[in-house]
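Encoded as structure tokens, the structure appears first; notes follow it.
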Amino acid sequence: MNKPSERIAKYLTRFTPGRVLDGDEDLFAGGIITSLSAIQLLAFVEREFQLTIDNEDLVRENFRTIHALSALVERKLASPPPVDEVLAAGTHAVASPRAPG
Amino acid sequence: MIELTPEQEEAQSRFRDFVDREVMPHADEYHRTQRLPPAAVKRLAELGYLGLTLPTAVGGGGGDVLTLGLLAEELGRGCSSLRSLLTVHGMVCHTLLRWGTSAQQRHWLPRLATGEVLGALALSEPEVGSDAKSITTTATASADGYVLRGTKKWITCGQIAELFLVFAQCEGQPAAFLVERQRAGLSTEPITDLLGVRASMVASVQLADCFVPKENLVGKLGFGISQIGATALDMGRYTVAWGCVGIAQACLDACILYTSERQQFGAALREHQLVRQMVTDMMTESTAARLLCVRAGRMREQRDPMAFAATAMAKYYASRAAMRAAGDAVQLHGANGCSSAHSVARYFGDAKIMEIIEGSTQIQQSTLAEYGYQEYGLLRSRAEQSRAARQQEPAQ
């Protein structure tokens, strides 16, 4: 259970009880990705794979299937974004702060 | 009651002292005059409260999520209008931090962190509230930017904000734009005589052929509501929820004082059982609301996928708890509670607003259950396992 596609598929079963999703199944057409589940899925991917989904990644095609999302994850893991000087101190200061002190 | 680090305890103590000394003495006047004096806003900025959780690299405090909640509770205890400023400014800051371009972040975050620029969220319209996807404000693409047309209403701090995060439909796709106050075509008009948060400088915002350069687009076309708006509202719910805990606490504090000193039927009000019942409910519900807020804060720190749901739940419960507490507080104060001589009348109006903004009680009631139903698959498989285990047991 190490491949991103398997981890994503396992997570998505919460939205499709009793049914294992095919990697190429259209998540939008199937109603699996809704406004609520999209936010959860994005948060899941960021935490599970320790990465940040950027503006540039916000393309419908990246989220259309498990395979497409998995490919996005693998691309991002293979080439981490350059460290931004301005925000190096904590892009996630709000979402994921360091411990106080 | 809640486990805090020494730094968080120290911060909480500072916030409490600031509110007791500098906010509580003036909050009723803010309410009466329907304005936040510039000096009050400046003081929040000086103390670093407007950029509390922004990265230190942009001049923010680098603070954590729970500390932000503690600040929102204390401000909410003192003055919901001031807490509203923290909320809408924070929504713009957080959304830019999350989805802004590098250029937008570099330009705006240092100014927002220091309070040099105040931010406000411009989503609601005269005919559009909960159904955000139906906004009618339009953005028409031009050669080098967008032209915005429409009217936004009920914009908290719309009278004083210099930077608006405006939501509009661009060729049928929801989108978000940064619009500076000085842009030609943008004008604001104060909205007064509201039931609550009367000093929160609410305004309507007119966008009459208001041009913004393409660099002012936040996020991508099509994701304006589902991601950009959702990020902002989620952040807003978090500090509103904590602010509601503050309202409930203020009600409780006022009632403890009043019912200990007010005499009726030859005894202090606190000696009457029905009075005690109200105080007990206020204590219990404000405590429960606070714990839900702490839970939401911890889940946000951990980037838990269910943090969004936990935040909505905290806002749902805390706003209703604040409303019940404020209703009972007015009741316990009797005629005094209906007058401007006691702050509980202000709390009552403020609490009702909390049940409406950032996702009304009814919206939360209809959406939160969805998260519960996401457990259906897991629950069904556990039930099947139990059934199988029972069938394998030898007959007795």
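So the sequences go chain by chain: X and W. Under this note's numbering, the first residue of the first sequence carries the number -7, and numbering increases by one thereafter. Under this note's numbering, the first residue of the second sequence carries the number 272, and numbering increases by one thereafter. All C-beta atoms in this analysis are idealised placements derived from N, C-alpha and C, irrespective of residue type, glycine included.
Interface annotation for the segment 55 to 68 of chain X against chain W: empty, criterion Cβ-Cβ distance under 7 Å. Here Lys(-5) of chain X is exposed. Its C-beta has fewer than 16 other C-beta atoms within 10 Å.
Between Cys515 of chain W and the set W:Ile496, W:Ala447, W:Ala596, the nearest pair of CA atoms involves W:Ala596. Under the 8 Å Cβ criterion, the segment 353 to 370 of chain W counts as touching the segment 318 to 327 of chain W, having at least three qualifying pairs.
Judged by their CB atoms, Leu357 of chain W and Val312 of chain W are not nearer to each other than the 8 Å cut-off. The beta carbon of Ala403 of chain W lies closer than 7 Å to those of Leu394, Ile496, Gly500 in the same chain, with the five residues before and after it left out. Between Ile45 of chain X and Ile0 of chain X, the CB-CB gap reaches or exceeds 8 Å.
Spatial neighbours of Arg566 of chain W in its own chain (CB-CB distance under 8 Å, excluding positions within 5 residues in sequence) are listed in chain order as Ala581, Ala585. With respect to chain W, the C-beta atom of Asn47 of chain X has a partner C-beta closer than 8 Å.
Note on geometry: alpha-carbon atoms of Asp335 of chain W and Ala606 of chain W lie some 42 Å from one another. Flagged as an interface residue toward chain W: Ile31 of chain X, by a C-beta distance shorter than 8 Å.
For a cut-off of 8 Å, the C-beta gap from Val601 of chain W to Phe579 of chain W is around 33 Å, too long to register as a contact. Inter-residue distance for Thr304 of chain W and Ala470 of chain W is about 7 Å (C-alpha atoms, whole angstroms).
For the segment 281 to 369 of chain W, the continuous alpha helix (DSSP H) assignments of 4+ residues that do not extend past its boundaries occur at 295 to 304, 309 to 317, 336 to 349, in sequence order. Chain order gives the chain X residues near Ser497 of chain W as Ser27, Ala30, Ile31, where near means a beta carbon separation below 9 Å. Of the residues W:Glu486, W:Pro309, W:Gly456, W:Gln548, the one whose Cα lies closest to the Cα of Arg377 of chain W is W:Glu486. Distance from the CA atom of Ser590 of chain W to the CA atom of Glu344 of chain W, rounded to whole angstroms, is 12 Å. With the rule of 3 Cβ pairs closer than 8 Å, the segment 472 to 480 of chain W counts as touching the segment 424 to 436 of chain W. Residue contact with chain X for Phe494 of chain W: present (Cβ-Cβ distance below 8 Å to some residue of chain X). For the segment 641 to 653 of chain W, the beta-carbon criterion of a distance under 8 Å to any beta-carbon of chain X is satisfied by Glu641, Tyr642, Gln645, Glu646, Tyr647, Gly648, Leu649, Arg651.
Excluding its 5 nearest sequence neighbours in each direction, Leu465 of chain W has C-beta neighbours in its own chain below 7 Å: Val473, listed in chain order. Within the DSSP bridge table, the entry for Phe435 of chain W names W:Ala391, W:Val450 as partners. A Cβ of chain W is located within less than 8 Å of the beta carbon of Leu50 of chain X.
Residue contact with chain W for Pro72 of chain X: absent (no Cβ-Cβ distance below 8 Å to any residue of chain W). With a threshold of 8 Å between beta carbons, Glu(-2) of chain X makes no contact with chain W.
Taken atom to atom, the span from the alpha-carbon of Gln633 of chain W to that of Tyr587 of chain W is near 9 Å. Pairing Gln635 of chain W with Val489 of chain W gives a Cβ-Cβ distance that is not under 8 Å. Restricting attention to W:Thr276, W:His360, W:Tyr509, W:Tyr529, the CA atom closest to the CA of Leu315 of chain W is found in W:His360. Secondary structure of Lys423 of chain W (DSSP, three-state): strand. Close to chain W, meaning a Cβ-Cβ distance shorter than 9 Å, are the following residues of the segment 3 to 24 of chain X: Tyr3, Thr5, Arg6, Phe7, Thr8, Pro9, Gly10, Arg11.
Listed along chain X are Leu28, Ile31, Gln32, Ala35, each with a C-beta nearer than 9 Å to that of Phe579 of chain W.
Asp575 of chain W sits in coil when the DSSP states are folded into three classes, being neither helix nor strand. Contact annotation for Glu38 of chain X against chain W: Arg574 [CB-CB distance below 8 Å, chain order]. A buried status is given to Thr510 of chain W, since no fewer than 16 other beta-carbon atoms sit within 10 Å of its beta-carbon. Distance from the Cα of Leu339 of chain W is smallest, within the candidate group W:His613, W:Arg574, W:Gln662, W:Cys564, for W:Cys564.
With contacts defined by Cβ atoms closer than 8 Å, Ile273 of chain W and Arg561 of chain W form a contacting pair.
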